[in-house]
Amino acid sequence: MTSTLTRQPVERQQPERPGTPPRRRTRVLALPEARWAAAATVLFLLALPLQLTGAPAWTWGPLYALSYATGGWEPGWEGLKALKDRTLDVDLLMVVAALGAAAIGQVMDGALLIVIFATSGALEALATARTADSVRGLLDLAPATATRLSLDGAEQAVAVEELTVGDIVLVRPGERVGADGRVLDGASEVDQATITGEPLPVPKERGDEVFAGTLNGTGALRVRVERDASDSVIARIVRMVQEASETKAPTQLFIEKVEQRYSLGMVAATLAVFLVPLAFGAQLTDALLRAMTFMIVASPCAVVLATMPPLLSAIANAGRHGVLVKSAVVMERLGQVDAVALDKTGTLTEGSPRVTDVRPLPASGLGEGELLTLAAAAERPSEHPLARAVVDAARERGLDLPDARDFTSAPGVGVTAVVGGRTVAVGAPARLLDARDATATEPDAALVTAVKREEFARTAAELEESGRTAVLVVVDGAPAGLLGIADRLRPDAAATVASLARLTGSAPVLLTGDNPRAAAHLAAEAGIDDVRAGLLPQDKLDAVRELESAGRKVLVVGDGVNDAPALAAAHTGIAMGRAGSDLALETADAVTVRDELAAVPATVALSRRARRLVVQNLVIAGVFIAGLVVWDLAGDLPLPLGVAGHEGSTVLVGLNGLRLLREGAWQRAAAGESS
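Given below as structure tokens:
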């Protein structure tokens with residue numbers, strides 16, 4: 001196993017996920033939509049207490065007027081532009097309804113409507129900007145320059161865009177690979193979690209493929225470029241995310257699906273209520289009052305609130321339990337999913353390797369504690385992920401680690417150190433044995449061969465068949481034992497898989513870039529039958545599109561850059577927040593901030609309850625609106641009574657939607673009560 005030498009052993013903190021692109025964040029107030037919405041909200045909050053405490057109108061009236069102007073000019077302008085294209089949208093209708101409310105004295109109601117719509121527009125603009133930030137940040141994974149080797153061996157630093165197919169580049173230890181290509185010379189281990197999601201660095205030697213943006217270990221590699229920079233895997237990931245985001249059909253809230261018909265119908269009806277009485281000789285003031293009353297009672301405020309409070313309450317409740325749902329549209333869509341695709345590393349698993357088995361060989365005479373102590377002491381100076389796992393396992397058992405000296409590391413082979421006067425080597429079994437065979441004396445070589453055939457091969461095969469990575473420990477030239485290392489399944493993974501299968505009616509699918517053997521073993525533990533392993537980002541995207549082409553609404557749960565295209569293309573995507581890459585977090589529709597996998601089915605169940613409340617509220621709002629409209633048209637509806645009825649229906653549906661704020665709503669969702 002490849003390791004990096006450090007002069008002094010140090011206490012290590014939890015490392016950041018390798019390959020995460022640098023953060024590029026658009027400031028909230030850098031967006032004009034956010035500035036206008038913030039101004040409108042502040043002005044509204046200043047005016048409201050003044051009005052409620054009975055202050056003179058001249059103190060709060062101008063504040064409301066400024067709130068109308070700052071929050072309403074942009075949606076109003078967009079609505080007018082849409083009107084120019086012969087489209088009437090709800091934004092313009094809301095502005096007109098707000099102005100109509102102000103015209104008959106309901107200034108506060110109109111201002112509240114303006115603030116709601118301005119804030120919604122700002123959140124949408126922020127989400128769009130943050131996604132663009134993370135896509136641009138992904139490009140920073142690939143280095144800006146690479147070391148190109150000429151025919152005479154001279155080195156030249158060039159921009160990666162200048163590399164062409166056939167060029168030879170030198171990748172030094174610790175550098176990122178500058179281009180997709182194939183190893184011509186050298187050996188190392190490359191962390192390619194950004195591309196495949198594999199939890200451990202992958203050994204690379206002559207003939208192996210490497211990808212741009214992946215991180216080289218401690219060995220130097222000479223790589224022949226096989227793809228232009230614009231066609232590298234990392235560049236294709238960027239394009240796939242952008243294309244999937246642009247072509248993904250926009251999902252609208254239920255009420256927005258009838259936006260055009262409702263808007264046109266309301267405008268036409270308001271004009272008719274105003275003009276028809278005038279044509280029959282009615283007074284202008286009476287006709288205007290009736291039309292304004294009609295606009296108030298027929299305005300979609302109650303319908304909008306019928307939709308939003310249940311969804312926003314569900315969002316707030318989920319947020320209290322560690323799930324960030326980015327919009328009401330997302331909360332609505334979560335309840336529609338009928339198929340789930342899960343990533344493996346960092347999603348179903350904890351995302352970091354752990355020692356699962358300590359197997360001393362009988363011929364060594366060592367116990368488990370002694371074997372682990374020697375291995376951990378030799379590995380302590382290393383920063384390799386497997387080395388960290390070995391040291392952590394020894395510390396968890398409370399073992400005292402002696403100091404190691406004469407530490408050396410061989411890329412792709414392992415480490416060697418002297419511990420307590422004994423020479424200890426730890427590394428990949430096949431390569432470590434081959435290296436020792438090449439340098440051992442004849443008696444040593446015979447011993448190695450005998451043990452390898454009779455004891456070591458059987459134990460190593462047993463570990464690898466169970467999905468573990470086998471690590472050999474050699475003491476004084478003879479194999480002493482094996483360590484089994486694996487990425488551990490999350491404690492709640494099996495229960496989550498079962499809950500998702502019950503909610504959607506079909507078992508989840510496992511999509512992973514890891515090797516088929518490890519994937520199959522872990523899937524069996526989690527209760528998943530459909531396993532698709534060895535996938536690149538494009539393969540994961542294709543798998544999601546295959547499911548959706550069969551009419552399924554797919555929920556993708558992942559955490560890495562390699563999951564981002566699938567997250568973007570899916571009906572809904574959820575990212576694991578603690579170790580998730582920036583791109584996955586921004587591309588996903590929701591994030592489990594606490595990294596609790598069990599929160600995923602609970603959120604889906606909560607979404608389904610919210611959707612049912614939306615339907616209830618729409619029925620309530622529709623009955624009130626229809627009754628008040630009929631009264632206004634067929635009789636003489638007093639304006640105060642019309643406003644009271646309209647506001648009463650609005651309050652009623654709002655309170656009904658707020659039921660999902662209660663703790664019991666989450667507990668029922670977590671218990672699987674989705675119907």
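Sequential numbering from 1 applies to the sequence shown in our numbering.
All C-beta atoms, glycine included, are put in the ideal place defined by N, C-alpha and C.
Give the C-beta separation of residue i and residue j to the nearest angstrom, bearing in mind that I take them to be a contact with Cβ-Cβ under 8 Å.
{"i": "P277", "j": "A287", "result": "4 Å"}
{"i": "A328", "j": "N617", "result": "At roughly 13 Å, the Cβ-Cβ gap does not stay under 8 Å, so A328 and N617 are not in contact."}
{"i": "I503", "j": "A605", "result": "Per the sequence shown, residue 503 should be read as Leu rather than Ile. Confirmed, about 6 Å."}
{"i": "E155", "j": "R182", "result": "Their Cβ separation, rounded to whole angstroms, is 20 Å, which puts E155 and R182 out of contact at 8 Å."}
{"i": "A417", "j": "A378", "result": "4 Å"}
{"i": "L31", "j": "A122", "result": "7 Å"}
To the nearest angstrom, report how far apart residue i and residue j are at their CA atoms.
{"i": "M295", "j": "M266", "result": "8 Å"}
{"i": "A389", "j": "E663", "result": "39 Å"}
{"i": "E370", "j": "S549", "result": "56 Å"}
{"i": "T4", "j": "R397", "result": "Note that T4 scores a pLDDT of 30, beneath 50, so its modelled location is shaky and nothing firm can be said."}
{"i": "A387", "j": "A493", "result": "26 Å"}
{"i": "T285", "j": "L275", "result": "12 Å"}
{"i": "V653", "j": "E74", "result": "28 Å"}
{"i": "A279", "j": "V96", "result": "24 Å"}
{"i": "K248", "j": "A212", "result": "Model confidence at K248 stands at a pLDDT of 43, short of 50, so the residue's coordinates are unreliable; what they give is reported in the following sentence. Taking the straight line joining both Cα atoms gives about 28 Å."}
{"i": "V223", "j": "V424", "result": "33 Å"}
{"i": "A610", "j": "S499", "result": "19 Å"}
{"i": "V273", "j": "K81", "result": "26 Å"}
{"i": "V190", "j": "A588", "result": "27 Å"}
{"i": "A291", "j": "A621", "result": "20 Å"}
{"i": "P516", "j": "I625", "result": "59 Å"}
{"i": "G71", "j": "T41", "result": "8 Å"}
{"i": "P443", "j": "V474", "result": "Model confidence at P443 stands at a pLDDT of 46, short of 50, so the residue's coordinates are unreliable; what they give is reported in the following sentence. Answer to the nearest angstrom: the Cα atoms are 15 Å apart."}
{"i": "V413", "j": "V337", "result": "46 Å"}
{"i": "L52", "j": "P62", "result": "15 Å"}
{"i": "T270", "j": "L264", "result": "10 Å"}
{"i": "V426", "j": "G153", "result": "35 Å"}
{"i": "S675", "j": "R354", "result": "Any reading at S675 is ruled out, since the residue's pLDDT is 42, under 50, leaving its predicted position unreliable."}
{"i": "P309", "j": "I315", "result": "10 Å"}
{"i": "A569", "j": "P385", "result": "32 Å"}
{"i": "A507", "j": "L48", "result": "52 Å"}
{"i": "L50", "j": "A69", "result": "19 Å"}
{"i": "D559", "j": "R35", "result": "32 Å"}
Please identify the residue among the options whose C-alpha is closest to the C-alpha of residue i.
{"i": "A144", "options": "S150, G153, V158", "result": "V158"}
{"i": "H321", "options": "G627, A590, E78, Q51", "result": "A590"}
{"i": "G207", "options": "D191, T218, P201, D180", "result": "D180"}
{"i": "T293", "options": "R668, A486, G635, R659", "result": "G635"}
{"i": "E350", "options": "V413, A363, L489", "result": "L489"}
{"i": "V554", "options": "N562, K540, V561, G560", "result": "K540"}
{"i": "L289", "options": "G645, L658, P638", "result": "P638"}
{"i": "G174", "options": "V330, A575, N216", "result": "N216"}
{"i": "T356", "options": "G484, E205, A495", "result": "G484"}
{"i": "A523", "options": "L31, L348, L83, T59", "result": "L348"}
{"i": "D530", "options": "D343, Q538, D595, G577", "result": "D343"}
{"i": "R612", "options": "R659, V651, V325", "result": "R659"}
{"i": "Y262", "options": "V303, A282, Q283, S232", "result": "V303"}
Keeping to the same chain, check which residues put their C-beta closer than 8 Å to that of residue i; ignore five residues upstream and five downstream.
{"i": "A543", "result": "A341, V509, L511, R532, L535, A566"}
{"i": "L361", "result": "V451, E455, F456, T459, P479, A480, G481, L482"}
{"i": "E525", "result": "L489, A493, A494"}
{"i": "S150", "result": "Q156"}
Within its chain, find whatever has a CB closer than 7 Å to the CB of residue i; leave out the 5 residues flanking it on each side and keep chain order.
{"i": "R380", "result": "P9, V391, L401, A404"}
{"i": "S466", "result": "H521"}
{"i": "Q192", "result": "E198, V202, F211, T214"}
{"i": "P250", "result": "Below a pLDDT of 50, predicted positions are generally treated as unreliable, and P250, at 46, falls in that range; no measurement from the model is reported."}
{"i": "L46", "result": "L63"}
{"i": "L463", "result": "D357, A470, L482, G484"}
Considering only their Cβ atoms, is the gap separating residue j from residue i smaller than 8 Å?
{"i": "A428", "j": "P201", "result": "no"}
{"i": "V415", "j": "T408", "result": "yes"}
{"i": "V629", "j": "V297", "result": "yes"}
{"i": "G79", "j": "L99", "result": "no"}
{"i": "L163", "j": "A229", "result": "yes"}
{"i": "S313", "j": "G76", "result": "no"}
{"i": "G335", "j": "R608", "result": "yes"}
{"i": "A339", "j": "L547", "result": "yes"}
Suppose the cutoff is 6 Å on Cβ atoms and the five residues either side in sequence are ignored; what does the same chain contact list for residue i look like?
{"i": "F44", "result": "S67, A111, V115"}
{"i": "L184", "result": "R222, R224"}
{"i": "A518", "result": "G467"}
{"i": "W666", "result": "N317, H321"}
{"i": "A376", "result": "V390, V391, A394, L401"}
At a cut-off of 7 Å, is residue i close to the ligand GDP when judged by its beta-carbon and the heavy atoms of the ligand?
{"i": "A428", "result": "This structure simply doesn't include the ligand GDP, nor any ligand for that matter."}
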